[in-house]
Amino acid sequence: QFPRDTSRLMDSTAALELPFVPARLLVVGGGYIGLELGTVFSSLGSKVTVVEMSGSLLAGADRDLVRPLQRRLENHFDAIRLQTSVETLAVDGDAVNAVLRDEAGDSEVTTFDGVLVAVGRRPNSQDV
């Protein structure tokens with residue numbers, strides 16, 4: 054259940070046009086798009102939390118390559134939450150309250166200034 058029509062909730066295209074740098078950014082999706090943009094915003098000063106439903110970042114990539122990258126990103130990001138899903142998002146003024154559910158079924162409400170939804174994107178390369 055995600056709200057619509059808010060500048061606080063964005064996809065990867067909108068994130069590149071964002072007129073502000075969110076102090077606290079939730080990145081939904083631990084694939085290459087989410088990690089790349091999360092790294093950009095972290096470098097700009099955002100405290101980035103990445104939430105990934107599966108048990109690892111970059112699903113389908115070689116685990117021997119992902120492990121050192123994940124260790125590096127753990128030092129770069131505020132948090133990486135694997136086997137965690139976003140249950141709900143609720144906009145409250147300039148903040149977004151996210152209910153995150155972990156693999157044990159425990160829920161936690163965390164507040165962010167922006168949410169980047171980096172799942173469900175497909176490459177536009179069919180005519181290439």
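Taking our numbering, the leading residue of the sequence shown gets 54, the next gets one more, and so forth. Glycine included, C-beta positions come from ideal geometry on N, C-alpha and C.
What are the start and end residues of the alpha helix (DSSP H) that includes residue i?
i: R125; result: 116-129
i: A132; result: Where A132 is concerned, there is no enclosing alpha helix (DSSP H), although the beta strand (DSSP E) it sits in stretches over 132-135.
i: A148; result: No alpha helix (DSSP H) contains A148, which is instead part of the beta strand (DSSP E) from 148-155.
i: A68; result: 65-68
For the beta strand (DSSP E) containing residue i, list its first residue and its last residue.
i: L88; result: Where L88 is concerned, there is no enclosing beta strand (DSSP E), although the alpha helix (DSSP H) it sits in stretches over 85-96.
i: T102; result: 100-105
i: T164; result: 160-165
i: V81; result: 77-81
Would you mind working out which of the options sits nearest residue i, comparing C-alpha positions?
i: L62; options: T141, V162, H129; result: T141
i: G113; options: S138, G83, S99; result: G83
i: N128; options: T66, V168, G91; result: G91
i: V170; options: D155, D145, S138, V162; result: S138
i: L153; options: T163, D147, G146; result: T163
i: T59; options: F130, Q136, D166; result: D166
i: S95; options: T66, D115, D131; result: D131
i: M106; options: I86, R125, I133, R116; result: I133
Assuming contact is defined by CB atoms lying nearer than 8 Å, are residue i and residue j in contact in what I supplied?
i: L88; j: L118; result: no
Within 10 Å of its beta-carbon, does residue i have 16 or more other beta-carbons around it, so buried, or fewer, so exposed?
i: R120; result: exposed
i: A157; result: exposed
i: A68; result: buried
i: F73; result: exposed
i: Q123; result: buried
i: L126; result: buried
i: V181; result: exposed
I'd like to know whether the C-beta of residue i is nearer than 8 Å to at least one C-beta of chain C.
i: T141; result: In the structure shown, chain C cannot be found, because there is only a single protein chain.
Original post:
Would the stretch 100-111 and the stretch 70-82 be scored as touching if the rule is three or more Cβ pairs under 8 Å?
Top reply: Yes, they touch.
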